[in-house]
Amino acid sequence: MKTKLSLISAALLGASLMLTPVVSQASIPQAVDGQNVPSLAPMLEKVTPAVVSVAVSGTHVSRQRVPDIFRYFFGPNAPQEQVQEQPFRGLGSGVIIDADKGYIVTNNHVVDGADEIKVGLHDGREFTAKLLGTDKESDVALLQIKADDLTAIKTADSDALRVGDFAVAIGNPFGLGQTVTSGIVSALGRSGLGIEMLENFIQTDAAINSGNSGGALVNLKGELIGINTAIVGPNGGNVGIGFAIPANMVHNLVNQIIEHGEVRRGVLGVMGRDLDSKLAEGFGLKSQHGGFVNEVVADSPAAKAGIKAGDVIVSLDGRPVKTFQELRAKIGTMGAGTQVQLGIIRDGDTKTVKVTLGDAGEMKEASAGDVHPMLEGATLENGDKGVAITAIAQGSPAAMSGLQKDDVIIGVNRTRIDNLKQLKEALKDQNNGGVALKIRRGNSLLYLVLRG
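The sequence shown begins at 0 in numbering that gives the first Met the number 0 and counts up by one.
Written out as structure tokens, the structure is:
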């Protein structure tokens, strides 16, 4: 009986398979039991024309100091350094933010060093783009093309994002052409990754791969919430951890580039660290989120506003601040002269102070002169295991000392230097005597003697 029933069942199954029609994609119903089938297609049809491909080409120039032994053999006319040129090409993505003016946002690392930038539109048109300005510290660049019938993307308030919100990434991975992936906002305020100087990333599990850089991260309304910038994974592959620069930060930077042709970064004038549970307990604080102020720079905007060491900054313009790095990134992408409102906790009491941000460039030069008279005119930044010199004023004491742009100070006499605070301590009370700075210049190491 069991065998007979099995044969009958098999026969009926075979008949049903023969009678089942092949269902094409076009015949899939748009509604089931009167309910619409969920789809991102209607939103993407409006948004994808605002996302473009960015193709760059240029030449990398590398300089390497000629070893002393070669200069000894070839005499005083021997070259001091060897220059090598290597052509390169690259692919990335971009987002149209103003259709009338042809403004396109992308990552700085996509266009860095490019001699030619080509923008490919969703409809197949291609244009040569002009680079209007960049900000290396936040990895943002602004391009412009002259074209008609462009589609711009709408921007959302990225400060209103919540973990768990749906997110859609649009870009051009591996040069395959426009690709869409979806996921959620996995985390907010990510920092300490060592990817950029100013980090306050949106983390998402929407698949982001090489070539997605500069593309759009949007919400389900098709509004821009971030610019895709980096991934974490073996060999640069996607493992569900991608990062995007929040749209509000991008908006602040782009406005500065449009107005000034460059980013005029605002500065608060405080040094600090994240507030953790032990620090909160030691200060008798209930909150475990915020930026703890270790030091207030003299004559800085923070000092003038009455902020003191030991304060905990817990909000910026009414929005919560979770970490000091988040505060630093948000302040650093606001323009000089911007007035902000900070919520602080002092001695258990909460108060609000208004601060007008200073100009980071001016404060850096002044602070460099305070560190040592012969550093005046240098713009100093915490770099990769040292203090990076990002600019040198022509004819300044720093220039006369032999310092150059892109030098990295890694030591004072025999003391190792990893950051600005250590440099300041090492040079304290040494303004009158000679001091030797250990410098990393390209692939070479050298010492420069500062005379007070």
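Using N, Cα and C, we set each Cβ at its ideal position, and we do this for glycine too. Every value quoted in this text rests on a predicted model; they were computed, and no experiment measured them.
Which word fits residue 406, buried or exposed, when buried means at least 16 other C-beta atoms lie within 10 angstroms of its C-beta?
buried
Residue 446 (DSSP reduced to helix, strand or coil)
strand
I need the straight-line Cα distance from residue 447 to residue 396, nearest angstrom please.
13 Å
Which value, in whole angstroms, describes the spacing of the CA atoms of residue 336 and residue 123?
Residue 336 and residue 123 have their alpha carbons spaced roughly 42 Å apart.
Within the same chain, show all residues whose beta-carbon is closer than 7 Å to that of residue 445, passing over the 5 residues directly before and after it, in chain order.
Once the five neighbours on either side are set aside, the close Cβ partners of residue 445 are 438.
Give me the residue from 83, 43, 41, 48 with the minimum Cα distance to residue 59.
83
Bridge partner(s) assigned by DSSP for residue 227
DSSP lists 243 as partners of residue 227.
Looking at C-alpha atoms only, which residue of 116, 296, 310 is the closest neighbour of residue 282?
Closest by alpha carbon: 310.
When the distance is taken between beta carbons, is residue 154 closer than 8 Å to residue 216?
no
Best match in 352, 220, 344 for proximity to residue 41 [C-alpha to C-alpha]
The shortest C-alpha separation from residue 41 is found at 220.
Could you tell me which residues DSSP puts in a beta bridge with residue 519?
There is simply no residue 519 to check, as the chain begins at 0 and stops at 451 in what is shown.
Please classify residue 121: does DSSP put it in a helix, a strand, or coil?
Coil, per DSSP.
Apart from the five residues just before and just after residue 7, which ones in its own chain have a Cβ nearer than 7 Å to its Cβ?
Caution is warranted here: a pLDDT of 33 is assigned to residue 7, below 50, making its placement in the model unreliable, and no coordinate value can be reported.
To the nearest angstrom, how far is it from the Cα of residue 137 to the Cα of residue 244?
Rounded to whole angstroms, residue 137 to residue 244 spans 8 Å at the Cα level.
Quick test of the definition: if touching needs 3 or more C-beta pairs under 8 Å, does the segment 262-281 touch the segment 296-314?
yes
Is there contact here, the segment 159-167 with the segment 199-213, by at least three beta-carbon pairs under 8 Å?
yes
Taking the straight line between their C-alpha atoms, what separation do you get for residue 306 and residue 313?
13 Å
Cβ pair residue 140, residue 105 closer than 8 Å:
yes
Since residue 212 and residue 173 are thought to touch, with beta carbons under 8 Å apart, how far apart are those beta carbons, to the nearest angstrom?
About 12 Å; that fails the 8 Å criterion.
I'd like the list of long-range same chain contacts for residue 287, defined as Cβ closer than 6 Å, with 5 residues on each side in sequence excluded.
276, 279
How big is the Cα-Cα spacing for residue 440 and residue 402?
10 Å
Scan the segment 132-213 and note each continuous beta strand (DSSP E) run of 3 residues or more that stays entirely inside, going in chain order.
139-143, 165-170, 178-189, 200-203
Secondary structure of residue 41, DSSP reduced to three states
helix
According to DSSP, what are the bridge partners of residue 300?
Beta-bridge pairing links residue 300 to no other residue.
Output the distance between the C-alpha atoms of residue 26 and residue 39, rounded to the nearest integer angstrom.
Residue placement at residue 26 is flagged as unreliable, the pLDDT there being 45, under the threshold of 50; the coordinate-derived value follows with that caveat. Looking at the two C-alpha atoms, the distance is approximately 18 Å.
Taking residue 440 as part of the beta strand (DSSP E), name the residues at either end of that continuous run.
434-440
Let's test the definition: count the other Cβ atoms within 10 Å of the Cβ of residue 436 and tell me whether it reaches 16, buried, or not, exposed.
buried
Range covered by the beta strand (DSSP E) that runs through residue 315
311-315
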